[in-house]
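A short worksheet on the structure shown next.
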Amino acid sequence: MLELRLVQGGLLKKVLDSLKDLVNDANFDCSATGFSLQAMDSSHVALVALLLRSEGFEHYRCDRNLSLGMNLSNMAKMLKCAGNDDIVTIKADDAADSVTFMFESPNQDKIADFDMKLMDIDSEHLGIPEAEFQAIVRMPSAEFARICKDLSTIGDTVVISVTKEGVKFSTRGDIGTANIVCRHNTSVDKPEEATIIEMEETVSLTFALRYMNSFTKATPLANQVTISLSSDLPVVVEYKVAEMGHIRFYLAPKIEE
Amino acid sequence: KRHQKLITEFFNHS
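Protein chains in written order, with the numbering used here: chain A, 38 to 294; chain B, 247 to 260.
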């Protein structure tokens with residue numbers, strides 16, 4: 038028996054909106070730790086890892102580890118029917134072939150339940166080692182989204198370079214080139230407006246903008262994004278999910294032949 | 247010319 042009650046149901050809507058364009062079907066894994074997901078995009082270039090810790094739920098009952106195979110666009114369709122302020126409860130029996138999403142309005146005057154068919158998904162689970170990063174950039178998530186969107190009108194790839202000058206996002210295309218430099222800046226009114234660059238070594242890596250733009254669908258989840266870079270390793274683009282977890286996108290770099 | 251690496255070239259199956 039699984040029963041997870043999330044007061045901030047709107048968070049789950051935002052999580053699904055940030056996943057559904059990247060991944061079609063995925064297994065949600067429920068354990069005592071929390072509600073998690075790991076999935077790759079269909080071309081195995083990007084990977085997403087979601088964790089919502091059990092403590093973040095108002096009620097978290099998971100009698101035994103369960104894997105719920107869901108079509109993410111169908112799940113997003115169902116969650117779209119919840120109000121942004123609704124309390125969302127996810128329920129499933131141990132041997133269930135469906136999952137129930139229950140939506141309660143904040144003042145309890147409307148209660149809805151949606152039952153979605155589960156699916157068997159052969160998922161590949163990858164072990165992600167802890168890595169030391171050469172550079173970690175924290176910046177406003179909306180700024181990062183704007184940069185990725187702007188650069189993708191000019192080129193297909195972005196070179197992200199971190200030096201002591203700051204972090205540089207560069208692209209080139211048929212019409213020309215573009216470079217955007219963001220400097221370390223903590224003298225801001227609000228902490229979420231800061232750009233914090235921690236650099237052990239200079240690093241420069243090239244990535245497909247199509248995927249970066251897909252990751253920025255998670256922007257409504259968090260004011261800040263963390264971009265962790267190391268030579269010849271996938272970049273990690275991380276958004277916090279309130280105080281309860283994170284969504285991490287990994288993207289393999291393009292390497293010079 | 248750049249070659250797109252795959253995630254599976256970095257992380258092993260667990």
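Ideal placement from N, C-alpha and C gives every residue a C-beta, glycine not left out. All figures in this text were calculated on a predicted structure; none of them were measured in a lab.
is_contact[residue i, chain B] using C-beta, thresh 8 Å
i	result
Asp227(A)	Contrary to the premise, residue 227(A) reads as Lys rather than Asp in this sequence. It does not; no Cβ of chain B falls within 8 Å.
Lys291(A)	yes
Met77(A)	yes
Thr5(A)	With chain A covering 38 to 294 only, the question about residue 5(A) has no answer from this structure.
Leu246(A)	no
Thr243(A)	yes
Val82(A)	yes
Glu294(A)	yes
Leu74(A)	no
For residue i, the three-state DSSP class (helix, strand or coil)
i	result
Arg220(A)	coil
Lys227(A)	coil
Ala133(A)	coil
Phe252(A)	helix
Ala63(A)	strand
Ser3(A)	Any question about residue 3(A) goes unanswered here, given that chain A covers just 38 to 294.
Gly282(A)	strand
Glu235(A)	strand
Val125(A)	strand
Glu3(A)	Because chain A in this structure spans residues 38 to 294, residue 3(A) falls outside the shown range and cannot be described.
Euclidean distance between Cα positions of residue i and residue j
i	j	result
Gly282(A)	Gly93(A)	8 Å
Phe252(A)	Asp226(A)	27 Å
Phe138(A)	Asp122(A)	15 Å
Gln171(A)	Asp134(A)	45 Å
Pro257(A)	Cys185(A)	15 Å
Proximity test, residue i beta-carbon vs the ligand SAM heavy atom, cut-off 7 Å
i	result
Ala132(A)	Because no ligand of any kind appears in the structure shown, any question about the ligand SAM cannot be addressed here.
- Item | Complete beta strand (DSSP E) runs within the region 131-219 of chain A (minimum length 3 residues, chain order) | 135-141, 148-154, 172-177, 194-200, 203-210, 213-219
Report task. Check each residue of the region 150-166 of chain A: if its Cβ is closer than 9 Å to any Cβ of chain B, include it; give the result in chain order. Result -> Glu161, His162, Leu163, Gly164, Ile165, Pro166
Enumerate, from N- to C-terminal direction, the unbroken beta strand (DSSP E) stretches of 3 or more residues contained entirely within the region 75-124 of chain A. 83-90, 96-99, 103-108
ask   = What residues in the region 266-284 of chain A bring their beta carbon closer than 8 Å to a beta carbon of chain B?
value = Leu270, Pro271
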